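For the sequence shown, counting from 1, position 254 maps to 254 in the UniProt record's numbering; every step adds exactly one.
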Amino acid sequence: MKKQTKAIRTQTGQTQYREHSTPLFLTSSFTFESAEQGKELFEETLEGNIYSRFSNPNVTEFVDKVCMLEGAEEGIATATGMAAVFASMAGLLKSGDHIVACRALFGSAHQIITQILAKWDITHTYLDATATEAEWDAAIQPNTRMVYLETPSNPGLELVDLAMLGRLKAKHGFILNVDNCFATPLLQTPLDFGADLSVHSATKFMDGQGRVLGGIVVGSAELIAPIRFFARHTGPSLSPFNAWTLSKSLETLDLRMERHCKNALALAESLEQHPDVATVKYPFLPSHPQYELAKRQMSAGGAIVTIELEGGFERVQAFMEALEIPTLSSNLGDSRTIVTNPNTTTHAKLKPDEKKALGITPGLIRISVGLEHIDDLIADFAQALTVSAEVMKERV
């Protein structure tokens with residue numbers, strides 16, 4: 001079966017009530033049939049549920065589906081995407097280790113690497129997404145334990161060559177940890193290129209409707225084991241209800257991503273032709289500097305488009321106020337189109353030089369393209385550009 005079919009048909013075993021849809025297991029704990037069974041469960045000589053901080057049938061079903069989609073052996077689900085990112089690092093790194101990371105990272109991931117891991121004497125080296133194989137190779141130190149990256153990145157939509165890093169991993173033996181949130185497992189599977197771990201904020205496209213929080217990291221059984229140990233004892237557990245919601249949402253992920261990508265490409269092409277838009281970035285636009293790489297490692301361009309408007313934050317304000325359809329929010333991956341200014345929201349805590357290095361300017365707008373009719377979106381963005389241009393003229 002194709003993985004799209006498996007995403008729909010994979011679920012927990014039917015109970016004695018013969019339900020068609022997986023029920024919710026809203027319980028904090030599970031009972032033992034005997035003292036001996038309890039002993040064996042805690043010794044881990046017997047598989048089974050003990051406590052929902054450790055495991056729960058709804059969470060297991062969600063993890064199984066994502067492992068299937070990513071081609072992974074095992075996984076661990078968490079309460080949020082950032083909990084998954086942190087667990088994928090904290091569960092595997094120790095004092096004295098070194099991490100190499102792509103500079104183009106989500107703000108919270110940057111803070112984990114530069115502020116939190118630094119407290120444990122875990123050092124880091126940043127490289128640009130466009131760094132050559134030789135530059136990545138030179139950055140690897142004897143104590144480099146992990147290479148971490150996002151591709152495409154948030155918010156600049158920069159790509160990192162996964163096949164190239166797969167070759168370097170084979171050479172040096174580091175852990176290759178990839179945030180695959182923007183692409184989803186349907187557009188890109190990092191493990192196929194040699195990655196060890198694939199991390200997601202399930203809050204985004206996996207839910208796809210702005211309802212629940214969740215995160216997940218999947219990979220080899222060998223690496224998931226210490227991550228599971230870390231998560232089990234620190235408690236960033238995914239709730240059964242959120243897991244149930246996310247598992248059901250995966251049944252429509254293929255349909256949703258097809259529409260997201262189609263809309264995003266059409267909107268990007270339209271905005272690229274508009275004289276008031278300084279730049280447009282979208283992985284599957286031929287004008288994207290890494291277009292050929294995107295075509296090699298992704299099956300479609302995703303749902304995120306970034307544009308830059310001349311006039312800085314004033315123009316951004318006027319433009320966003322003129323939009324009628326999109327929502328103003330720092331979230332993304334929703335069925336509804338969302339716009340945000342990363343400079344003042346998701347990446348506001350970065351220092352000016354850090355923002356400059358990532359191309360985060362006052363006029364940058366990140367668009368999470370939703371499932372609305374594309375004609376309506378194109379028309380709304382066009383009128384907002386016109387209105388905001390008039391507002392700026394009046395202020396001169």
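Don't be surprised by glycine CBs; every beta carbon is placed ideally from N, CA and C. Just so it is clear, the structure is predicted and the values come from calculations on it, not from any experiment.
Assigned exposure category for residue i - 16 Cβ within 10 Å defines buried
i           : result
Ser28       : exposed
Gln115      : exposed
Thr15       : exposed
Glu150      : buried
Trp120      : exposed
Lys353      : For the sequence presented, residue 353 should be read as Asp rather than Lys. Asp353 comes out exposed.
Lys355      : buried
Tyr17       : exposed
residue 398 : Since the first and last residues shown for the chain are 1 and 396, residue 398 lies out of range.
Phe174      : buried
Pro152      : buried
Gly96       : exposed
Arg228      : buried
Lys131      : As written in the sequence, residue 131 is Ala, which differs from the Lys given in the question. Classification of Ala131: buried, given that the 10 Å Cβ count is 16 or more.
Asn343      : buried
Pro190      : buried
Lys65       : buried
Asn341      : buried
Proximal residues to residue i (C-beta, below 7 Å), its chain only, five neighbours per side dropped
i           : result
Glu40       : Leu46
Ser388      : Arg315, Ala318, Phe319, Ala322
Leu213      : Ala79, Thr80, Thr203, Asn242
Thr345      : Ser330
residue 397 : In the structure displayed, the chain extends from 1 to 396; residue 397 sits before or after that span and is not available.
Pro240      : Leu24, Phe25, Leu26, Ser52, Asn56, Asn58, Val59
Gly312      : Pro362, Gly363
Phe230      : Ala87, Ala90, Gly91
Integer-rounded CB distance, given that residue j should sit under 8 Å from residue i
i      : j      : result
Gln11  : Glu61  : 6 Å
Ile338 : Asn263 : Their Cβ separation, rounded to whole angstroms, is 13 Å, which puts Ile338 and Asn263 out of contact at 8 Å.
Lys2   : Met68  : Their Cβ separation, rounded to whole angstroms, is 11 Å, which puts Lys2 and Met68 out of contact at 8 Å.
Ser299 : Gly333 : About 18 Å separates the two Cβ atoms, so there is no contact after all.
6 Å Cβ shell around residue i - same chain, five flanking residues per side excluded
i      : result
Gln290 : Leu159
Thr306 : Pro155, Leu157, Lys281, Arg366
Pro57  : Thr12, Phe25
Val63  : Gly75, Ala77
Thr125 : Val100, Ala139
Gly219 : Ala72, Asp196, Leu197
Thr327 : Arg336, Ile338
Val199 : Ala84, Val85, Ser88, Asp179, Val217
Asn177 : Ser88, Met146, Tyr148, Leu197
Trp244 : Leu24, Asn58
For residue i, the nearest candidate out of the options (CA to CA)
i           : options                        : result
Trp136      : Ala163, Ile113, Pro152         : Ala163
Pro275      : Arg9, Leu385, Val100           : Leu385
His172      : Thr184, Gln141, Ser201, Asp179 : Gln141
Gly166      : Cys102, Val178, Gly194, Ala131 : Gly194
Leu371      : Arg296, Leu255, Asn341, Asn180 : Leu255
Thr31       : Asn49, Arg103, Glu43           : Asn49
Ala225      : Pro342, Ser88, Pro326, Ala7    : Ser88
Ala84       : Leu293, Gly302, Arg232, Leu253 : Arg232
residue 410 : Glu251, Ala90, Glu310          : Nothing about residue 410 can be reported from this structure: the residues present for the chain run from 1 to 396 only.
Leu223      : Gly302, Met146, Tyr51          : Met146
Leu117      : Ala104, His98, Thr130          : His98
Ala303      : Gln297, Arg259, Gly311         : Arg259
His348      : Pro362, Ile122, Arg336         : In the sequence as displayed, the identity of residue 348 is Ala instead of His. Measuring from the Cα of Ala348, the nearest candidate turns out to be Pro362.
Leu377      : Thr245, Leu271, Ile122, Val217 : Leu271
Phe54       : Cys181, Gly235, Pro190, Val66  : Gly235
Ala7        : Gln273, Pro185, Phe229, Phe313 : Pro185
Ser201      : Cys181, Gln188, Asp192         : Cys181
Gln188      : Lys393, Glu310, Gly301, Thr340 : Gly301
8 Å CB neighbourhood of residue i in its chain, flanking five on each side removed
i      : result
Leu350 : Gly107, His110, Leu358, Ile360
Leu127 : Val100, Ala101, Cys102, Arg103, Glu135, Trp136, Ala139
His288 : Leu157, Lys281, Tyr282, Ala294
Ala183 : Thr151, Pro152, Met298, Gly302
Ser249 : Met206, Asp207, Gly208, Gln209
Original post:
Touching or not, the segment 379-388 and the segment 263-273, by the rule of three or more beta carbon pairs under 8 Å?
Top reply: yes
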